[in-house]
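Quick note: the sequence shown, position 215, residue 614 per the numbering used here, numbers continuous. Note that beta-carbon positions come from the ideal geometry of N, C-alpha and C, so glycine has one too. Nothing here was measured: the structure is a model prediction, and the numbers come from that model. For reference, the structure is listed below as structure tokens.
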Amino acid sequence: MVKTEIGIRAAASYFPRYRLTGAEIARSHNREGGRGERSLAGPDEDSLTLAIEAARRLPTDALRQTKALVFCSTTAPYLVKNNASAAHAALGLDPNVPAYDAGGSLRSVLGVLLSAEPGTLILAGDINTSRPGSPIELLHGDAGAALLVGDADSAAAVITGSVSMTEEIQDHWRDPKKPWISQSEDRFPVSRYLSLLSDALKDSQVDTCDQVVVSAPSARLTKAAGKELSALGTVHTLDGVGYAGTADLLVKLSDALAAASSGHTLTAVSLADGCDVLTVRVTDNVHGAFHPGPIDSGVVPSYLDALTWRGILDREPPRRPEPRTVSAPAAMRGVKWKYALQGSTCLACGNVSTPPQQVCVRCGSTEHGDPVVMTDKNATIRTFSVDRLAYTLNPPMVAAVVGFDGGGRLEVEITDTDPDSLFVGAPARMTFRRRHSSGGVHNYVWKATAEGGAQ
Numbered sequence: 400m401v402k403t404e405i406g407i408r409a410a411a412s413y414f415p416r417y418r419l420t421g422a423e424i425a426r427s428h429n430r431e432g433g434r435g436e437r438s439l440a441g442p443d444e445d446s447l448t449l450a451i452e453a454a455r456r457l458p459t460d461a462l463r464q465t466k467a468l469v470f471c472s473t474t475a476p477y478l479v480k481n482n483a484s485a486a487h488a489a490l491g492l493d494p495n496v497p498a499y500d501a502g503g504s505l506r507s508v509l510g511v512l513l514s515a516e517p518g519t520l521i522l523a524g525d526i527n528t529s530r531p532g533s534p535i536e537l538l539h540g541d542a543g544a545a546l547l548v549g550d551a552d553s554a555a556a557v558i559t560g561s562v563s564m565t566e567e568i569q570d571h572w573r574d575p576k577k578p579w580i581s582q583s584e585d586r587f588p589v590s591r592y593l594s595l596l597s598d599a600l601k602d603s604q605v606d607t608c609d610q611v612v613v614s615a616p617s618a619r620l621t622k623a624a625g626k627e628l629s630a631l632g633t634v635h636t637l638d639g640v641g642y643a644g645t646a647d648l649l650v651k652l653s654d655a656l657a658a659a660s661s662g663h664t665l666t667a668v669s670l671a672d673g674c675d676v677l678t679v680r681v682t683d684n685v686h687g688a689f690h691p692g693p694i695d696s697g698v699v700p701s702y703l704d705a706l707t708w709r710g711i712l713d714r715e716p717p718r719r720p721e722p723r724t725v726s727a728p729a730a731m732r733g734v735k736w737k738y739a740l741q742g743s744t745c746l747a748c749g750n751v752s753t754p755p756q757q758v759c760v761r762c763g764s765t766e767h768g769d770p771v772v773m774t775d776k777n778a779t780i781r782t783f784s785v786d787r788l789a790y791t792l793n794p795p796m797v798a799a800v801v802g803f804d805g806g807g808r809l810e811v812e813i814t815d816t817d818p819d820s821l822f823v824g825a826p827a828r829m830t831f832r833r834r835h836s837s838g839g840v841h842n843y844v845w846k847a848t849a850e851g852g853a854q
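What follows is the structure, encoded as structure tokens:
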């Protein structure tokens, strides 16, 4: 066992609003039955937006302590281009904070966590797609997670030890040219994984703990490992989400730590191309450090819509011009507004301009104060319209004008909200989304959701 003192300053998770259920799949295939459900990202979400939304759930003072950012995913929006740079911009981090990608495998997030220095913000997110009719279609879900590594002396939890064992096991993989995950016959790797787990537990010298967290891409393996680990302590479960890829361990760890008290101990196990065992001790600083996303009864779209959102079902598009590719120079010039949603404040009259203006539209002054970040400000819907003709993958399209506390108004698209429940004066919050993709370039924007949508 490797003795460590890796502090966990804070952690959070985010789950999409939508759910894919066995009942809806059965209905679409005109058959009875169908059990289970998994989280499903909306048509304007991807692995990057999921991770960013998780990071936004972290305590504000924790984000200010970020000294480096690493984004982990097996389904990153871009190859070659650094995805973490967009997360860096959206979170408004200082230019001196480095940002890197680390992904391509389910195990990447553990490699980052075990080698991270204090101040490293680890983001993880995955959009898991399975072939229609696959036995894992309801077992793999979508989620984002964020964890800030801190000093062990002031952390909310401390990783006190780790055991890592590696073995080549061809159980889950994805062809880079295909959108869906493949798996081998799920019975054959279970015995080998359990053997690795047994050896790792012996090396860890863990006899008992308060909670056990298990992350494994197979339901059969998760059940078998949970049975073995139940002798150590209570096995923590998280229903209604599914296996969340690179984010899975952090999602479950965040959820378990949120319910833990000072002095509790946890054993976290990850089974993917080997076995990793972490021993975690909860400290007196646990209060308010962990913010798991709420898992409510989500909205269930039709199965055909779910397949369309994933690009598996290619529907006829409307007879309208394709959306324009984002102008790289324009996006770079306005990066603080486009990604961080920073407005400007007039020193003369205090007016808040969104987007920022060189000349105050109220008094004409050119004197500006510090930029004001609008992303976390409370907002209210001032007016809205429901457009049932405009093309969107999740009709109808809802446009609104929101007013921010302290000043500033913005015309935005409303997402993750039932249009019939909207009303003038409804509270709203901003959420980072992908408006469209054109020419292989993703157009990321800030949308709004009525309270109770994206959380």
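Exposure of residue i, with buried meaning 16 or more beta-carbon neighbours within 10 Å
i	result
P415	buried
G852	Residue placement at G852 is flagged as unreliable, the pLDDT there being 49, under the threshold of 50; the coordinate-derived value follows with that caveat. Buried, by the Cβ-count rule.
F587	exposed
E404	exposed
D704	buried
F689	buried
G839	exposed
Y773	Checking the displayed sequence, the identity of residue 773 turns out to be Met instead of Tyr. Its Cβ being crowded by 16 or more others within 10 Å, M773 is buried.
A475	buried
Q610	buried
G807	buried
C651	Going by the sequence as given, residue 651 is Lys instead of Cys. Per the 10 Å Cβ criterion, buried.
S583	exposed
G432	exposed
H635	buried
V668	buried
D695	exposed
K737	buried
A658	exposed
K622	exposed
A410	buried
G687	exposed
N684	buried
Spatial neighbours of residue i in its chain, beta-carbon cut-off 6 Å, leaving aside the 5 residues before and after
i	result
C759	C745, N750
A551	E404, G406, V557
V699	R418, T420, E423
G524	S446, L449, A450, S472, G543, A646
Member of the options whose CA lies at the smallest distance from the CA of residue i
i	options	result
V401	D602, D713, S836, I580	D602
A747	G733, Y738, C762, Q756	C762
S438	G639, W708, D460	G639
E452	E850, V840, F831, W845	F831
D378	K735, T782, D550	Only positions 400 to 854 of the chain appear in this structure, which leaves residue 378 out of reach.
N527	R456, V668, H571, G540	G540
R408	V823, L788, V668, T465	T465
E721	D672, D819, H835	H835
P826	A847, D713, L648	A847
D493	N777, L509, A467	A467
Q741	R732, A554, T753, A730	T753
V479	S784, Y413, G503	G503
A489	L449, D647, S472	L449
V844	L447, E436, V496, A425	L447
Run of the beta strand (DSSP E) containing residue i, from where it starts to where it stops
i	result
G673	673-681
P826	826-837
K480	No beta strand (DSSP E) contains K480, which DSSP labels as neither H nor E.
D500	498-500
N580	Note on identity: in this sequence residue 580 is Ile, with Asn being the wrong assignment. Per DSSP, I580 belongs to no beta strand (DSSP E) and is neither H nor E.
G625	No beta strand (DSSP E) holds G625; the alpha helix (DSSP H) holding it covers 618-628.
Y642	Where Y642 is concerned, there is no enclosing beta strand (DSSP E), given that its DSSP letter is neither H nor E.
E444	Unbroken run through E444: none, as it is neither H nor E.
Heavy atom of the ligand ADP within 8 Å of residue i beta-carbon
i	result
A498	With respect to the ligand ADP, the structure offers nothing, as it holds no ligand at all.
Own chain partners of residue i with C-beta closer than 8 Å, once the 5 adjacent residues on each side are dropped
i	result
P717	Y790
V469	A483, A498, Y499, D500, A501, V511, A515, T519, L520, I521, L522
I568	P588, R591, Y592, D672, G673
T633	D609, Q610, V611
S820	A849
N777	F803, D804, P826, R828
7 Å Cβ shell around residue i - same chain, five flanking residues per side excluded
i	result
D786	P795, M796, A798
H841	P476, R833
V605	L631, T666, T678
T607	L631, G632
P442	W708, L792, N793
Extent of the continuous alpha helix (DSSP H) to which residue i belongs
i	result
T459	459-463
H635	It is not in any alpha helix (DSSP H) - H635 instead sits in the beta strand (DSSP E) that spans 633-635.
V589	587-603
S514	507-514
(message) Would the segment 592-608 count as touching the segment 721-738 if we require 3 or more Cβ pairs under 8 Å?
(response) Contact fails: fewer than three Cβ-Cβ distances are below 8 Å.
Query - Contact between the segment 675-688 and the segment 622-641 (3+ Cβ pairs under 8 Å) - result: Short answer: they don't touch.
Q.
Quick check: the segment 533-552 against the segment 447-462, are at least 3 beta-carbon pairs closer than 8 Å?
A. Three or more Cβ pairs closer than 8 Å define a contact, and the segment 447-462 meets that threshold against the segment 533-552.
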